[in-house]
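Sequences listed follow chains A and B, in order. Okay, so the first sequence: first residue is 108 according to the working numbering, each after it adds one. Okay, so the second sequence: first residue is 1390 according to the working numbering, each after it adds one. To start, the structure itself, in structure tokens.
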Amino acid sequence: MSEPKNINEGHRAGAYGSVKQLKVAAISAKYQKDWFKSIQERLAKGEPFCLANADAPHEIFLAMDDIPVVMTQWWSAIIAAKQMAGYYFDEMNAKGYPRNLCRYCALPLACAMDHNPERAPWGGLPNPSILLAQLSCDIQTKIFERLAGEYNCKFFPMEYPAPAPSYPRWWETLETRWEEIVGTRALDLRVEELKALIRYLEVTTGRVFNYKNFVEIMELENQQEEYFKKIRNLLSVTRPSPVGLPDQLAATMNLQWHRGTKWGVEHAKLFYEEVKEKVDKGEAVCKDEKVRLMWIGRGLWHNTAFYRYFEEKYGAVFTNSMYLSIAADGYIRDYRTDPMRALASRHLYMGYWLRDPQWQLNEAKRYGVNGAVMIVASNCIDSVGNMFIKMVLEQGGIPVLPIYADVVDAREWDDEGIKAQVSQFIEQRCMAR
Amino acid sequence: MGPLEKMKDQYTQRDSAARAWKKQGGKVVGYLSDDAPDEMILAAGLFPFRMSGNPAEGTEEVDKYSESFYDPSVRSILNMLLTGKYDFLDFIIIPHHSDAVLKLYHQLWWIHQVNPAVNFPPVHVFDILHTPFLTTALYVRESLLNLKSKLQEWSGRKIDIKALSRAIAVGNENKALLKKVAELRVAEQPRVSGVEALQMIGSAGFMLKEEHNKLLKEFLDGASTLPEKDGVRIFMEGSDLDNPEIYKLVESSGAVIVAEDSNWGNRYFEDPVDETADPMEALADRYHARSSRPRTQSSAQKVAYTVRRALEAKAQGAIFYLLEWDPAPAWDEPDQIKALKAEGIASLSFGPQKYLLSDSDQKNIKAGIQGFIETLREGRKEGLK
């Protein structure tokens, strides 16, 4: 076990890479960092703060006079980008937790167990007043119960009813037919839970949920996601690709954490305008683009520079990933009949749909990719089923390379070996197409 | 053949009773885990059959569709479905017991999508959720009503209250009898080994409960003449084990397993259904809120459960045995070990182990167990994990 290296060297300053070609990516990354630092000041004034999983409804907190919410997966990405995951996991393993446990969702816990804000990125995570997660896997309870112990706060779990295996081309009708696609029973339960959450927050924080503001938040969120849809649609048909994956990730995700705000809409608009300008000017990541690749799975947060390596070597560009695509296809809701129910429908099965092989195939075809690289973390139950993505894409004519690695823990990352695998894949299966 | 041998036989030839039932024109419902109310299946006039994996069955077919890092016992069930080993099942109930079990539902669906030539029996998901709260209790209650409708559809007959009450009574008797077997294990001089206990408990899922109760009664009638079991008293913790291989290794190393935390072991028969309440309400309450349900227990409750059960069994040591790709129990292990140690119970922890143990795996595991047993014998508890 050793002290982490490069803690403050900042060669990868943010979770989504330090070198930003898109202005909006740099602006949103700075905004997110400043926002994070402001939480400390707000907490010092006695404000509440929530740590939640990425599929939790932060809109609720926004409608309660903007209670700040930090997403565990974002925090994992930050820790990973600072190259500190290995250190925290070594420490956690030394406490008796086996090395093969899940990492992406567990990294904030490993960091919390260290109880050393000076060592942690950006001065560490403030102590939350509440933890929130839907129990979309067996391990969420394990992680969040322990986080509650480390932070001495309450964990509010939300159920995860069994999702239907698939709904044909859900992405085309989800905006309006969400009741049918998500399912009435699951929605009934989730609405009850959201109301219980609101009452709990009202009682414990003294704040009141503002329904009028909530409806506005739902509207702003739709507007923001409509820009993402326009961006996705534009990028998917533009050749050569004008924006690389690291920039897409940075701009999309940093804006997503502020969805439902005017700032989010304004900057999503800026994102679109910047992409459009690049398209109009004919700018490209790789002028001589030879291969278009899709990235399947979570971002490689400990090494976003990885994506760029293949541009120079082959003219192979990672054109798309699930992050922008789900922003385009998974968030927008016709909320007019029942905004709370529409909100419930947004988060329940988003994680499940991200792994829908038919949706992945649709996105692969939309972008016209020559192949897909699929990152598979064997420590995460969500990776079970990835073989069907591979089968469906390959049946649809898209070759797929699975690479077995963790997205936040670089301890077992074999940079040369994996670059060699991807290189071989590009040469033998993608360039020939 | 005595009652114990008959139960061992059922445990080994797991499909024999179900196949015999089917041969007589009956229908068989396969289900996974201890989260499916087999009382209701029985009340519908169907044969409830608990599905299990088998390490010896291999993984050739499942390897075509499923990642290797998937719970090996569920994966084995999937392999057996693909290879026709479960061709006697008319229907399958998949409870939302764990991610791995629920994934089976999605795996079956997607296998058929990518290879329409592969078909499975009709599947119903019993969506039994996991928090202890009222909203969940009401949801589970509705899931139970949906299950009832599905079983009625499958069987073509109504599930009446009398039949359900009778099935609950038979199930409760089974639980009570198995509890008596457990008492024989925790006695000062145990008269039932851990392997025998697994076989007796496990066979309850492979045969009709009334038949199983007869065998248990017969067995218990002769219990006072059973030979005493010698050995260091061990509590088993970790993954739910659908086969006795690790128990055999432990008990051939000078130990006797006096209790365990497993739904193939003692957890199976804890918490009877309340026979004084409305049968449907009682079933919903038992299956959702039973105190022995790991997924509903908090980690603190799970740790307390382990310590309480180990102390009741007068265990001298605890062995933590985890299957690979079954991460949930591993999260509680550090706290369980600490809490057991505080009570003077030392632990031996094996990292994730393969479902099918090679000869060298077995040799290594056995060497570890023997060393642990020897240390316990010598009373050198300090220094153990």
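From the three backbone atoms N, C-alpha and C, an ideal C-beta is built for every residue, glycine too.
Residue-chain proximity (residue i, chain B), Cβ-Cβ < 8 Å
| i | result |
| --- | --- |
| glutamate 299 of chain A | yes |
| asparagine 207 of chain A | yes |
| proline 164 of chain A | no |
| serine 485 of chain A | yes |
| asparagine 493 of chain A | yes |
| valine 554 of chain A | With chain A represented from 108 up to 540, any question about residue 554 of chain A goes unanswered, as that position is not in the structure. |
| cysteine 244 of chain A | yes |
| valine 310 of chain A | no |
| methionine 498 of chain A | yes |
| glutamate 282 of chain A | no |
| isoleucine 488 of chain A | yes |
| methionine 108 of chain A | Only weak support is given to the placement of methionine 108 of chain A: the predicted model assigns it a pLDDT of 41, under 50, and the value that follows is read from those uncertain coordinates. No, methionine 108 of chain A lies away from the interface with chain B (no Cβ there is under 8 Å from its Cβ). |
| proline 506 of chain A | no |
| alanine 269 of chain A | yes |
| proline 264 of chain A | yes |
Under 8 Å between C-beta atoms of residue i and residue j
| i | j | result |
| --- | --- | --- |
| methionine 401 of chain A | tyrosine 474 of chain A | yes |
| glutamate 1456 of chain B | threonine 1472 of chain B | no |
| aspartate 489 of chain A | cysteine 244 of chain A | yes |
| leucine 1605 of chain B | valine 1570 of chain B | yes |
| asparagine 427 of chain A | leucine 342 of chain A | yes |
| arginine 1555 of chain B | glycine 1434 of chain B | no |
| tryptophan 1653 of chain B | tyrosine 1459 of chain B | no |
| aspartate 1629 of chain B | serine 1651 of chain B | yes |
| arginine 1622 of chain B | alanine 1526 of chain B | no |
| glycine 367 of chain A | leucine 129 of chain A | no |
| alanine 1719 of chain B | leucine 208 of chain A | yes |
| glycine 351 of chain A | tyrosine 414 of chain A | yes |
| histidine 1519 of chain B | glutamate 266 of chain A | yes |
| methionine 1377 of chain B | lysine 1603 of chain B | Residue 1377 of chain B is absent from the model: chain B starts at 1390 and stops at 1774. |
| methionine 1669 of chain B | leucine 1540 of chain B | no |
| valine 529 of chain A | phenylalanine 425 of chain A | no |
| leucine 1842 of chain B | leucine 1609 of chain B | A question about residue 1842 of chain B goes unanswered here, because the residues of chain B that appear run from 1390 up to 1774. |
Residue closest to residue i, alpha-carbon to alpha-carbon, out of the options
| i | options | result |
| --- | --- | --- |
| isoleucine 288 of chain A | A/Arg297, A/Ser273, A/Asp172, A/Leu296 | A/Ser273 |
| aspartate 1398 of chain B | B/Thr1524, B/Ser1738, B/Gly1591 | B/Gly1591 |
| glycine 1760 of chain B | B/Leu1712, B/Ser1642, B/Ala1693 | B/Ser1642 |
| alanine 1489 of chain B | B/Pro1444, B/Gly1419, B/Arg1682, B/Ile1466 | B/Ile1466 |
| glycine 437 of chain A | A/Glu332, A/Cys487, A/Thr345, A/Pro446 | A/Glu332 |
| glutamate 1732 of chain B | B/Gln1496, B/Ala1693, B/Val1529, B/Lys1453 | B/Ala1693 |
| valine 491 of chain A | B/Asp1452, B/Pro1437, B/Ile1483, B/Ala1699 | B/Asp1452 |
| phenylalanine 251 of chain A | A/Leu214, A/Thr283, A/Ala271, A/Glu166 | A/Leu214 |
| serine 1441 of chain B | B/Asp1427, B/Tyr1454, B/Arg1464, B/Glu1577 | B/Arg1464 |
Cβ of residue i within 8 Å of any chain A Cβ
| i | result |
| --- | --- |
| alanine 1631 of chain B | First, the amino acid is wrong: residue 1631 of chain B is aspartate here, not alanine. Taking Cβ atoms only, chain A never reaches closer than 8 Å to aspartate 1631 of chain B, which makes this a no. |
| glycine 1740 of chain B | yes |
| tyrosine 1710 of chain B | no |
| alanine 1707 of chain B | no |
| tryptophan 1653 of chain B | no |
| lysine 1770 of chain B | Reliability fails at lysine 1770 of chain B, whose pLDDT of 48 lies under 50, so the model's placement of it is uncertain and no value is given. |
| alanine 1719 of chain B | yes |
| lysine 1492 of chain B | yes |
| tryptophan 1543 of chain B | no |
| aspartate 1750 of chain B | no |
| alanine 1538 of chain B | Looking at the sequence shown, residue 1538 of chain B is not alanine but serine. Answer no: the Cβ-Cβ gap between serine 1538 of chain B and chain A never drops below 8 Å. |
| serine 1455 of chain B | yes |
Checklist entry - Three or more C-beta pairs closer than 8 Å, one from the stretch 252–267 of chain A and one from the stretch 234–242 of chain A: is that the case here? => result Yes, the stretch 252–267 of chain A is in contact with the stretch 234–242 of chain A.
Next on the checklist: Under 8 Å: do the stretch 1551–1568 of chain B and the stretch 1657–1677 of chain B share three or more Cβ pairs, one atom per stretch?
Outcome noted: yes
Item to check | Those runs of the beta strand (DSSP E) which lie wholly inside the stretch 195–260 of chain A and span at least 3 residues | outcome: 237–241
Item to check | 4 or more residues per run - each alpha helix (DSSP H) lying fully within the stretch 264–347 of chain A | outcome: 277–289, 291–312, 318–344
Checklist entry - Could you give the uninterrupted runs of the alpha helix (DSSP H) lying entirely in the stretch 1550–1632 of chain B, keeping only those of 4 residues or more? => result Runs found: 1550–1575, 1583–1592, 1598–1610.
Item to check | Inter-stretch contact (C-beta, 8 Å, three-pair minimum) for the stretch 458–472 of chain A and the stretch 369–385 of chain A | outcome: no
Checklist entry - Just checking, does the stretch 152–171 of chain A make contact with the stretch 186–196 of chain A on the three C-beta pairs under 8 Å criterion? => result no
Checklist entry - What are the start and end residues of each continuous beta strand (DSSP E) run of 3 or more residues lying completely inside the stretch 373–403 of chain A, in chain order? => result 398–403
Item to check | Contained alpha helix (DSSP H) runs [length at least 4] in the stretch 1397–1428 of chain B, N- to C-terminal order | outcome: 1405–1412
Next on the checklist: Check whether the stretch 222–232 of chain A and the stretch 198–207 of chain A are in contact - that is, three or more C-beta pairs closer than 8 Å.
Outcome noted: They do not touch, by the three-pair rule.
Checklist entry - Do the stretch 1500–1519 of chain B and the stretch 1418–1425 of chain B make contact, defined as three or more Cβ pairs closer than 8 Å? => result yes
Checklist entry - Does the stretch 356–375 of chain A come close enough to the stretch 444–458 of chain A that 3 or more CB-CB pairs lie under 8 Å? => result Using a Cβ-Cβ distance cut-off of 8 Å, the stretch 444–458 of chain A and the stretch 356–375 of chain A are not in contact, since fewer than three pairs of beta carbons, one from each stretch, lie closer than that value.
Item to check | Three CB pairs or more closer than 8 Å across the stretch 130–145 of chain A and the stretch 353–369 of chain A | outcome: Short answer: they touch.
Checklist entry - Can we say the stretch 309–320 of chain A touches the stretch 170–179 of chain A, given the rule of at least three CB pairs closer than 8 Å? => result yes
Checklist entry - Hey, which unbroken runs of the alpha helix (DSSP H) at 4 residues or more fall wholly within the stretch 1638–1688 of chain B? => result 1668–1678
Checklist entry - In chain order, which continuous runs of the beta strand (DSSP E) of length 3 or greater are located wholly inside the stretch 437–523 of chain A? => result Uninterrupted beta strand (DSSP E) stretches at least 3 residues long and entirely within the stretch 437–523 of chain A occur at 478–483, 507–511, given in chain order.
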